[in-house]
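In this note's numbering, the protein residues as written are 61 to 324.
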């Protein structure tokens, strides 16, 4: 009886556990909520501190900067244009030597030579002189942004004929396109060889072709020619050297090209 009573007493004092309850689960969920509440409080504290800092700085007077070492910078006074005003004087700080008179950059003819032409020529004049189909040549020049062409031509003792031309384009891309268009010079109709790099000029910037053979035509002197094409910036220089006795001195041609290259 006593044993049975004891068992009944203990059974009555132990509370019944709700059906389906699992121990530990609620404790883990309650801990997660606590961490989230703490993190939210920290974030709100940082945000409140930032806003307060900006509010304080907003109400403060700006800190003055230290004085300049030179209080007044000397500048030329503007002047009214007059007869001496030019494009160069107006754009003095942006002026480049290639914006000057392009014809002045041409090399001089050697002493004793007879100058046949010197100065500027229009793209259509040049196209009519050199292109088999002038309209196509003019279109090519215009598409690549030709700005101006300067040329000087002379002959020596009715034997050597020299033509030096400078082509200036709106930008380098036009000059590169013109330089790359001279691949035909290596064909059999012209030099008949791939030519060589121009000595003293960076590779790919200058090339020289000298005819492999003499060109002969009934009733005319036998001729042989050399051609130099070189580019510097937006300017392409082209030199044609022709001898009507069938001989070409390569050193003479190269030296002539070097002189013109140095002018650029």
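We treat Cβ as the ideally placed atom computed from N, Cα and C, and that holds for glycine.
> Just the Cα atoms here: how many angstroms apart are residue 231 and residue 293?
Replying inline: Counted from its first residue, the chain shown places residue 231 at position 171. Counted from its first residue, the chain shown places residue 293 at position 233. Those two C-alpha atoms are separated by around 8 angstroms.
>> For residue 207 and residue 133, I'd like the C-alpha separation in whole angstroms.
In response: Your numbering for residue 207 matches position 147 in the chain shown. Your numbering for residue 133 matches position 73 in the chain shown. Distance between the alpha carbons of residue 207 and residue 133: 38 angstroms.
> Hey, is the stretch 221-230 in contact with the stretch 285-300, meaning 3+ C-beta pairs nearer than 8 angstroms?
Replying inline: yes
>> Is it buried or exposed, residue 183, if we count other Cβ atoms within 10 angstroms and call 16 or more buried?
In response: Mapped onto the chain shown, residue 183 falls at position 123. Buried is the call here.
>> To the nearest angstrom, how far is the alpha carbon of residue 283 from that of residue 250?
In response: For the purposes of this step, residue 283 is taken as the residue at position 223 of the chain shown. For the purposes of this step, residue 250 is taken as the residue at position 190 of the chain shown. Between residue 283 and residue 250, the C-alpha separation is close to 12 angstroms.
>> Can you look up residue 187 in the DSSP assignment and give me helix, strand or coil?
In response: If you number the chain shown from 1, residue 187 lands on position 127. Reduced to three states, the DSSP call for residue 187 is helix.
>> Applying the 10 Å Cβ sphere with the 16-neighbour rule, what's the burial state of residue 193?
In response: Taking the first residue of the chain shown as 1, we reach residue 193 at position 133. Classification for residue 193: exposed.
>> Contact defined as beta carbons within less than 8 angstroms: I believe residue 236 pairs with residue 270. What is the distance between those atoms, to the nearest angstrom?
In response: For the purposes of this step, residue 236 is taken as residue 176 along the chain shown, with counting starting at 1. For the purposes of this step, residue 270 is taken as residue 210 along the chain shown, with counting starting at 1. With 8 angstroms as the limit, residue 236 and residue 270 do not qualify as a contact, their Cβ atoms being about 24 angstroms apart.
> Where does the unbroken beta strand (DSSP E) through residue 174 begin, and where does it stop?
Replying inline: Position 114 of the chain shown, counted from the first residue, corresponds to residue 174. 174-181 is the span of the beta strand (DSSP E), which, as asked, contains residue 174.
> Can you pull the DSSP bridge partners for residue 302?
Replying inline: Counting from 1 along the chain shown, the entry for residue 302 is found at position 242. According to DSSP, which records beta bridges pairwise, residue 302 is partnered with 221, 285.
>> For residue 245 and residue 317, which I take to be in contact (beta-carbon distance under 8 angstroms), what is that distance rounded to the nearest angstrom?
In response: Numbered from 1 along the chain shown, position 185 holds the residue referred to as residue 245. Numbered from 1 along the chain shown, position 257 holds the residue referred to as residue 317. Contact doesn't hold; Cβ gap of about 14 angstroms is too wide.
> So, is residue 313 buried or exposed, given that buried needs 16 or more other C-beta atoms within 10 angstroms?
Replying inline: Counting from 1 along the chain shown, the entry for residue 313 is found at position 253. Answer is buried; the Cβ neighbour count reaches 16.
> Which of the three DSSP states, helix, strand or coil, is assigned to residue 261?
Replying inline: As a working note, residue 261 is residue 201 in the chain shown. Three-state result, residue 261: coil.
> Excluding the five sequence neighbours on either side, which residues of its own chain have a C-beta within less than 7 angstroms of the C-beta of residue 252, listed in chain order?
Replying inline: On the chain shown, residue 252 is found 192 positions in, with the first residue counted as 1. Once the five neighbours on either side are set aside, the close Cβ partners of residue 252 are 271, 272, 273.
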